[in-house]
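Following: one structure in structure tokens, then a few remarks.
Protein chains: 4
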Amino acid sequence: MAPRSLKGLNAIITGGASGLGAVIAKRLASEGVNVCLNGLTHDEPAAQKLSSELSSTYSIKTAYVLEDASTEAGCKNIIDTTIEKLGSVQIVIANAGWTKFAAWNDLEAFSEQEWINSFRINTLSPFWLFKAVAPHWKSSYEATGSVGCLISTNSLAGLTSTGSSMPYSVTKAGQLRVIEGIAYNNGPWARANAVCPGLIITEWSLRYGRERIDKMVEASPLKKAVDLDDCADMFVQLCRNESITGKHITMDCGLAMVS
Amino acid sequence: MAPRSLKGLNAIITGGASGLGAVIAKRLASEGVNVCLNGLTHDEPAAQKLSSELSSTYSIKTAYVLEDASTEAGCKNIIDTTIEKLGSVQIVIANAGWTKFAAWNDLEAFSEQEWINSFRINTLSPFWLFKAVAPHWKSSYEATGSVGCLISTNSLAGLTSTGSSMPYSVTKAGQLRVIEGIAYNNGPWARANAVCPGLIITEWSLRYGRERIDKMVEASPLKKAVDLDDCADMFVQLCRNESITGKHITMDCGLAMVS
Amino acid sequence: MAPRSLKGLNAIITGGASGLGAVIAKRLASEGVNVCLNGLTHDEPAAQKLSSELSSTYSIKTAYVLEDASTEAGCKNIIDTTIEKLGSVQIVIANAGWTKFAAWNDLEAFSEQEWINSFRINTLSPFWLFKAVAPHWKSSYEATGSVGCLISTNSLAGLTSTGSSMPYSVTKAGQLRVIEGIAYNNGPWARANAVCPGLIITEWSLRYGRERIDKMVEASPLKKAVDLDDCADMFVQLCRNESITGKHITMDCGLAMVS
Amino acid sequence: MAPRSLKGLNAIITGGASGLGAVIAKRLASEGVNVCLNGLTHDEPAAQKLSSELSSTYSIKTAYVLEDASTEAGCKNIIDTTIEKLGSVQIVIANAGWTKFAAWNDLEAFSEQEWINSFRINTLSPFWLFKAVAPHWKSSYEATGSVGCLISTNSLAGLTSTGSSMPYSVTKAGQLRVIEGIAYNNGPWARANAVCPGLIITEWSLRYGRERIDKMVEASPLKKAVDLDDCADMFVQLCRNESITGKHITMDCGLAMVS
Chain A
10 MAPRSLKGLN AIITGGASGL GAVIAKRLAS EGVNVCLNGL THDEPAAQKL
60 SSELSSTYSI KTAYVLEDAS TEAGCKNIID TTIEKLGSVQ IVIANAGWTK
110 FAAWNDLEAF SEQEWINSFR INTLSPFWLF KAVAPHWKSS YEATGSVGCL
160 ISTNSLAGLT STGSSMPYSV TKAGQLRVIE GIAYNNGPWA RANAVCPGLI
210 ITEWSLRYGR ERIDKMVEAS PLKKAVDLDD CADMFVQLCR NESITGKHIT
260 MDCGLAMVS
Chain B
10 MAPRSLKGLN AIITGGASGL GAVIAKRLAS EGVNVCLNGL THDEPAAQKL
60 SSELSSTYSI KTAYVLEDAS TEAGCKNIID TTIEKLGSVQ IVIANAGWTK
110 FAAWNDLEAF SEQEWINSFR INTLSPFWLF KAVAPHWKSS YEATGSVGCL
160 ISTNSLAGLT STGSSMPYSV TKAGQLRVIE GIAYNNGPWA RANAVCPGLI
210 ITEWSLRYGR ERIDKMVEAS PLKKAVDLDD CADMFVQLCR NESITGKHIT
260 MDCGLAMVS
Chain C
10 MAPRSLKGLN AIITGGASGL GAVIAKRLAS EGVNVCLNGL THDEPAAQKL
60 SSELSSTYSI KTAYVLEDAS TEAGCKNIID TTIEKLGSVQ IVIANAGWTK
110 FAAWNDLEAF SEQEWINSFR INTLSPFWLF KAVAPHWKSS YEATGSVGCL
160 ISTNSLAGLT STGSSMPYSV TKAGQLRVIE GIAYNNGPWA RANAVCPGLI
210 ITEWSLRYGR ERIDKMVEAS PLKKAVDLDD CADMFVQLCR NESITGKHIT
260 MDCGLAMVS
Chain D
10 MAPRSLKGLN AIITGGASGL GAVIAKRLAS EGVNVCLNGL THDEPAAQKL
60 SSELSSTYSI KTAYVLEDAS TEAGCKNIID TTIEKLGSVQ IVIANAGWTK
110 FAAWNDLEAF SEQEWINSFR INTLSPFWLF KAVAPHWKSS YEATGSVGCL
160 ISTNSLAGLT STGSSMPYSV TKAGQLRVIE GIAYNNGPWA RANAVCPGLI
210 ITEWSLRYGR ERIDKMVEAS PLKKAVDLDD CADMFVQLCR NESITGKHIT
260 MDCGLAMVS
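Protein chains in written order, with the numbering used here: chain A, 10 to 268; chain B, 10 to 268; chain C, 10 to 268; chain D, 10 to 268.
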């Protein structure tokens with residue numbers, strides 16, 4: 010009755026050097042998964058540190074790919090480099106995202122270019138990652154029957170008009186459709202799912218300010234923020250649960266009445 | 010007990026020269042609404058013809074603005090020109106959209122630029138139109154208490170992974186969040202809603218091919234395509250129903266089990 | 010381009026003597042629809058008065074059937090009596106419902122019997138009405154191609170965990186599935202849809218108390234309660250729109266971020 | 010980074026002697042959870058056998074309570090007996106349900122009494138179980154900060170008009186609202202969630218017949234039925250994930266485009 014083991018699989022985590030990405034990396038490493046982290050230039054020190062820590066603590070292989078996950082070419086490079094460094098990749102965590110904090114009624118907050126940048130990273134990045142990995146997953150499935158696993162980090166903001174900004178919410182909503190579209194049209198050799206956390210306390214979300222965070226905690230039935238380890242544990246669940254595809258799982262301590 | 014009259018109001022309809030847009034234009038005109046049509050160069054002959062027909066049949070004012078609705082500047086020009094020609098605008102129908110027909114599992118079907126173009130016209134156009142009209146609606150509300158009405162043409166594809174292509178579905182899903190975001194953050198001086206038709210028979214949808222259309226008709230409980238006049242009638246309903254905002258209405262002859 | 014006329018059709022409205030039901034009755038009568046009202050003993054004086062008023066104002070036929078709409082036998086009698094008195098029935102408005110006002114965390118508020126009563130009237134009544142009318146609608150469709158129209162009065166409470174009580178919300182959620190199930194399995198001779206109003210001001214909702222009502226008004230983007238005439242106008246729209254089935258339409262002045 | 014341990018907790022599983030309930034029981038036992046099974050008279054032999062097997066294999070305490078889970082009194086007895094036998098209960102799996110296989114357009118399939126019986130077991134049973142356990146969970150939370158965990162077995166049929174019968178779908182839809190209502194109004198001392206499996210192969214679902222099962226398998230992107238162990242693993246995930254409440258998780262191999 011032991012759950013399916015992930016030991017020896019290889020994973021790439023975009024935006025994996027810090028925040029939720031780093032916690033997912035740790036949790037996957039603790040299951041014996043080799044992990045390749047991805048980030049931008051300013052993420053490199055944190056990525057190096059995390060890499061060493063994970064390889065020494067969990068005796069796994071680690072790698073790092075410095076690359077912008079918001080373009081098709083970048084995503085292709087991320088997948089190719091991961092395969093080059095780890096030999097193959099079975100798990101793709103499309104975790105990189107971007108927002109600015111802005112009032113929802115501030116129609117000036119995002120320029121046309123910022124809207125499009127939001128779309129590139131929040132909506133399209135999972136698609137380009139999948140497009141790049143698809144031929145590899147198809148071959149693996151034909152050769153061994155193994156099924157590739159794509160998971161995107163979405164948000165409560167992808168489900169309802171809440172969160173840091175309207176462009177973030179709009180482009181995360183689009184991402185959910187990307188995940189569904191991939192799942193419903195590329196079986197049985199690939200699975201795709203999303204995790205929609207409510208309030209998690211990371212460097213990013215701290216920009217909400219203490220007062221707003223306290224209000225959200227107070228408003229949630231469980232009177233707390235989403236635990237980062239709980240959140241990472243759900244990613245692991247989705248990696249090993251081979252019966253789920255095309256779905257999103259919302260984890261928000263009850264903050265919002267949506268699934 | 011007569012329903013609220015729309016007589017004398019002014020409307021702009023993007024993509025209003027043909028297809029569903031033209032049917033909405035006729036239906037609004039028949040209610041006494043002055044209409045400004047918008048389209049691209051190749052739409053001009055149809056727009057001229059429709060314009061003359063509407064002004065002579067219904068004794069309303071009509072206008073036409075040749076402009077690309079997929080950019081912020083274009084949308085501003087559309088609103089400004091409408092106001093210049095009709096004096097003011099109370100109804101904005103964000104109807105222009107774009108897709109290509111492509112298999113959902115064809116990961117090559119849309120280039121990066123085509124994805125972004127889809128986002129521009131299908132997701133952002135209603136936002137830019139609203140941004141341009143917002144100051145006018147705020148003033149009108151303060152002066153007279155009148156509430157501006159934005160309605161976007163969405164699609165069953167905005168609600169589920171179906172329709173002409175994955176980018177269309179993804180960017181129409183984003184549009185629904187734009188409409189919600191506008192509605193929930195810009196009351197009481199504006200209302201925003203969307204209509205999600207299933208299969209309608211227009212030049213556009215005929216590209217599905219007869220066989221696929223027949224299958225969809227057969228699959229729908231009502232055994233028919235959505236009537237264009239029924240669809241336009243729902244736009245009129247949303248124009249005059251001052252209690253509804255932030256919602257989408259799905260009309261699909263029962264084709265899909267979603268609301 | 011005039012919308013489809015309802016003149017000369019016959020409608021039964023359960024719970025039609027007062028509140029929203031009475032406003033729907035008036036609005037249908039104003040369209041030339043003959044209406045049969047239904048209610049319990051204590052509704053009779055109001056029903057008589059409304060009946061006379063409608064028949065004299067709109068020159069339509071009216072009738073009244075005193076009956077409990079919460080049982081299969083009662084619903085059969087309601088349909089049979091309507092047909093007996095008006096000759097036929099094309100429109101069934103399943104509007105009767107029941108709730109008590111109770112805190113959602115009060116686990117004692119409803120007895121087992123009250124839960125079941127809620128299920129009977131809020132979930133099952135539309136089903137029994139439909140079961141009783143189904144053979145008539147099938148014959149009519151075969152004879153004339155006419156499509157029967159069932160509309161239920163649902164609620165924002167049917168879509169989310171809000172409203173007067175948990176049993177009301179739970180049983181209204183069940184009702185939405187009844188409507189869908191009818192629509193998706195009984196075409197093309199019947200259509201079935203639901204209307205989900207947010208806060209409407211009737212004798213019933215006044216039991217919320219002024220303070221709670223004011224809060225809801227303040228929380229809604231449009232800063233008001235749902236207008237009863239707007240609500241009734243949507244019922245008329247659903248009667249004449251022959252392309253919509255299996256859907257619910259939410260009208261709440263933006264109070265809740267759900268569709 | 011090890012996930013939270015469930016070792017030493019006590020669980021009651023209604024309908025736990027066979028089918029999915031028995032697999033959940035095994036999986037919880039394998040995590041060191043003591044389990045009380047519940048069933049009707051005809052379930053007793055299977056329950057006895059499973060009980061012995063679990064206690065000897067996993068060195069846990071087991072118990073059995075013969076009782077009808079469809080009434081308030083029965084649910085109270087189930088909770089009281091579990092506490093009497095195991096000392097306390099932290100996990101309640103509301104798994105018992107009932108349906109008949111019937112065509113959705115067969116309006117005669119369920120009698121009024123069968124509709125109500127469906128409501129009793131599918132919608133109300135989780136509520137009565139919660140009502141009975143609530144005082145215990147409140148005290149525990151006050152004394153130790155521990156949070157009670159309710160999980161119901163729902164179904165794809167709870168989310169869309171599919172499955173064995175319309176009453177099953179309607180009453181499972183109601184159950185989702187019960188779970189939400191409990192979660193949003195009884196924090197932080199309780200969590201409540203639901204699991205919605207698609208096609209699982211149990212004695213129950215075999216009544217679909219091989220042909221229909223094969224069709225569902227073929228229609229699902231993953232080309233298989235939901236694995237019972239995967240399904241049970243999600244129940245374990247929900248037991249230990251202390252950040253999720255008020256949600257349902259759908260696991261259907263992609264069979265339906267709903268979450």
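Even for Gly, the Cβ is constructed at its ideal location relative to N, Cα and C. For clarity, every value in this text was computed on a predicted model and none was experimentally measured.
- V226(D): member of the alpha helix (DSSP H) spanning R219 to A228, first to last residue.
- Those residues of the stretch 140 to 169 of chain A placed with their C-beta closer than 8 Å to a C-beta in chain C are T169, ordered along the chain.
- Judged by beta-carbon spacing, S174(B) lies beyond the 7 Å limit of K224(B), meaning their Cβ atoms are not closer than that value.
- Exclusion of the five residues before and after A111(B) leaves A118 and S174 as the residues of its chain whose Cβ lies within less than 6 Å of its Cβ.
- Distances from the CA of V235(C) to each of Y177(C), S164(C) and L185(C) were compared; the closest alpha carbon is that of S164(C).
- Per DSSP, reduced to three states, the secondary structure at P54(C) is helical.
- In this chain, the beta strand (DSSP E) harbouring P206(A) covers A199 to P206.
- When the beta-carbon positions are compared, L138(C) and C205(C) stay at least 7 Å from each other.
- At a cut-off of 7 Å, the C-beta of M225(D) has no neighbouring C-beta in chain B.
- The beta carbon of S173(B) sits no closer than 7 Å to any beta carbon of chain A.
- DSSP lists V101(B) and A201(B) as the bridge partner or partners of L159(B).
- The straight-line gap separating the alpha-carbon atoms of D52(D) and A26(D) is approximately 6 Å.
- Here DSSP, grouped into helix, strand and coil, assigns I191(C) to helix.
- Interface annotation for the stretch 110 to 125 of chain B against chain A: W113, N114, L116, E121, W124 and I125, criterion Cβ-Cβ distance under 7 Å.
- Ranked by Cα distance from T132(A), the first of K58(B), T23(B), T180(B) and L133(B) is T180(B).
- For M243(D), the nearest beta carbon of chain B is not closer than 7 Å to its own beta carbon.
- Contact between F128(A) and G167(A) fails: their C-beta atoms lie close to 13 Å from each other, not under 8 Å.
- Two segments are said to touch when three or more pairs of C-beta atoms, one from each, lie closer than 8 Å; by this definition the stretch 36 to 44 of chain A touches the stretch 58 to 71 of chain A.
- In this chain, the alpha helix (DSSP H) harbouring I33(B) covers G28 to S39.
- Against chain C, the beta carbon of M260(A) has no neighbour under 8 Å; the closest one sits roughly 18 Å away.
- For V142(C), the closest of A11(C), A192(C) and L159(C) by C-alpha to C-alpha distance is L159(C).
- The shortest CA-to-CA distance from G207(D) to any of G196(D), A199(D), W198(D) and K233(D) is the one to K233(D).
- Under DSSP, C84(B) shares a beta bridge with no residue.
- Distances from the CA of R36(C) to each of G154(C), C262(C) and C248(C) were compared; the closest alpha carbon is that of C248(C).
- Separation of the CB atoms of G106(B) and S178(A) is rounded to 21 Å, and the pair is thereby denied contact status at 8 Å.
- Under DSSP, the beta-bridge partners assigned to V44(B) are A20(B) and T71(B).
- Segment contact: the stretch 212 to 231 of chain D against the stretch 191 to 200 of chain A, three or more CB-CB distances shorter than 8 Å; contact assigned.
- Contact between S60(A) and Y73(A) holds: CB atoms are separated by about 6 Å, below the 8 Å threshold.
- Remark: C-beta atoms of I21(D) and T91(D) approach each other more closely than 7 Å.
- Judged by their CB atoms, S161(B) and A103(B) are nearer to each other than the 7 Å cut-off.
- DSSP lists C205(C) as the beta-bridge partner residues of T259(C).
- Cα atoms of K140(A) and V267(D): separation of roughly 23 Å, rounded to the nearest angstrom.
- Scanning its chain for C-beta atoms nearer than 7 Å, with the 5 sequence neighbours on each side dropped, one finds around M243(B) the residues V204, I258 and M260, in chain order.
- Secondary structure at V267(C): coil, using DSSP grouped into helix, strand and coil.
- Between the alpha carbons of E220(B) and V156(A) lies a distance of about 34 Å.
- DSSP places A241(B) inside the alpha helix (DSSP H), whose first and last residues are L237 to R249.
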